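This report refers to the structure that appears directly beneath it.
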Amino acid sequence: MNIFDRPTIKELLDAIIDSLDEEINSENFSNDKTLKFKIIFNVLGIVKREIKLSKKISEKLVERGSNLIKEKNFSIKKISEKIRNNEIHSEDQTLINFLYDLTEEKIKVDNPKYLEK
Numbered sequence: 001m002n003i004f005d006r007p008t009i010k011e012l013l014d015a016i017i018d019s020l021d022e023e024i025n026s027e028n029f030s031n032d033k034t035l036k037f038k039i040i041f042n043v044l045g046i047v048k049r050e051i052k053l054s055k056k057i058s059e060k061l062v063e064r065g066s067n068l069i070k071e072k073n074f075s076i077k078k079i080s081e082k083i084r085n086n087e088i089h090s091e092d093q094t095l096i097n098f099l100y101d102l103t104e105e106k107i108k109v110d111n112p113k114y115l116e117k
């Protein structure tokens, strides 16, 4: 359920992205602005994907992370501290699998085309 009226966040982001894309690809758009606008376009894409995927990714990995560090409240900072303090060894296959999956999920947000290669 969404308590907010339309347009939704997704619809607003889609409208901005579509408008920027159309502007960037127009014949009247100057080359010196193209790079700046492409960066903005990419950042908006990241924001859109994070909004869409963050809850699912968090649900998927927080429980695994909590089990890994043997604490109820998982955070990346806590796992880093445990690795640094040798409470979890870097060769631990469970850790390696977790970090691989975490990295893959982050790439889905930051640069999904990378996974297509």
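Numbering (my numbering), first residue to last: 1 to 117.
Where is the CB? At the ideal position from N, CA and C, for every residue including glycine.
This one's a predicted model, so the numbers in the text were calculated from it and none came from an experiment.
Less than 8 Å between the CB atoms is what I'm expecting for residue i and residue j, so what's the real figure, rounded?
i: Lys78; j: Ile69; result: 5 Å
i: Ile51; j: Ile107; result: No, Ile51 and Ile107 are not in contact; Cβ-Cβ is about 17 Å, not under 8 Å.
Note down the Cα distance separating residue i from residue j, rounded to an integer number of angstroms.
i: Lys36; j: Ser26; result: 15 Å
i: Ser19; j: Glu104; result: 30 Å
i: Thr94; j: Glu63; result: 13 Å
i: Ile76; j: Ser54; result: 15 Å
i: Ile96; j: Leu12; result: 38 Å
i: Asp110; j: Phe29; result: 26 Å
i: Met1; j: Leu44; result: Confidence at Met1 is low in this model, with a pLDDT of 48, below 50, so the placement of that residue should be treated as unreliable; the coordinate-derived value is given next. Rounded to whole angstroms, Met1 to Leu44 spans 24 Å at the Cα level.
i: Glu91; j: Ile57; result: 24 Å
i: Ile46; j: Phe74; result: 24 Å
i: Lys117; j: Glu87; result: 35 Å
Here's a check: name, in chain order, each residue in its chain whose Cβ is nearer than 6 Å to the Cβ of residue i, leaving out the five neighbours to either side.
i: Leu99; result: none
Compare the beta carbon distance of residue i and residue j with 9 Å and say whether it is the shorter of the two.
i: Ser80; j: Lys72; result: no
i: Ile17; j: Lys38; result: no
i: Pro112; j: Arg49; result: yes
Using the three-state DSSP reduction, which class does residue i fall into: helix, strand or coil?
i: Thr8; result: coil
i: Glu22; result: helix
i: Asp14; result: helix
i: Ser90; result: coil
i: Asn42; result: helix
i: Glu116; result: coil
i: Ser75; result: coil
Does any residue of chain C bring its CB to less than 9 Å from the CB of residue i?
i: Lys33; result: The displayed structure is made up of one protein chain only, and chain C is not part of it.
Going along the chain, which residues of its own chain have a beta-carbon closer than 7 Å to the beta-carbon of residue i, five neighbours each way excluded?
i: Leu102; result: Leu61
i: Tyr114; result: Ile107
Could you pull out every residue in the same chain whose Cβ sits closer than 8 Å to the Cβ of residue i, ignoring the five residues on either side in sequence?
i: Asp14; result: Lys48
Regarding residue i and the ligand NAD, is the C-beta to nearest heavy atom distance less than 8 Å?
i: Ala15; result: No copy of the ligand NAD appears in this structure; indeed no ligand is present at all.
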